[in-house]
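Engineer: One structure follows; several queries about it will come next.
Numbering (the working numbering), first residue to last: 183 to 250.
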């Protein structure tokens, strides 16, 4: 069986409104469960792919600040 995790996560989140997406992100982070990381990674990938160069640079800066 060929499971495409990216597509499964996208399909699962498809049709979600902003509040549902926010809840999913907050819940995944607060739970601290490792199994939630792939889902957050897919959401990050979507955000990155849809961001312009300036927004991508801001994201990089936020991550850099969070690592300090």
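Cβ atoms here follow ideal geometry from the backbone N, Cα and C, with glycine treated the same way. Since we're looking at a predicted model, the values are computed, not measured.
Run the CB neighbour count on residue 191, radius 10 Å, all protein chains shown included, and call it buried at 16 or more, exposed below.
Structural biologist: Translated into positions along the chain shown, residue 191 becomes position 9. Under this definition residue 191 is a buried residue.
Engineer: With residue 202 as the anchor, note down where its alpha helix (DSSP H) starts and where it stops.
Structural biologist: Within the chain shown, the letter at position 20 stands for residue 202. Its alpha helix (DSSP H) spans residues 200-213.
Engineer: Starting from residue 233 and walking both ways along the alpha helix (DSSP H), at which residues does that stretch end?
Structural biologist: Numbered from its first residue, the chain shown carries residue 233 at position 51. Element bounds for residue 233: n/a, residue is neither H nor E.
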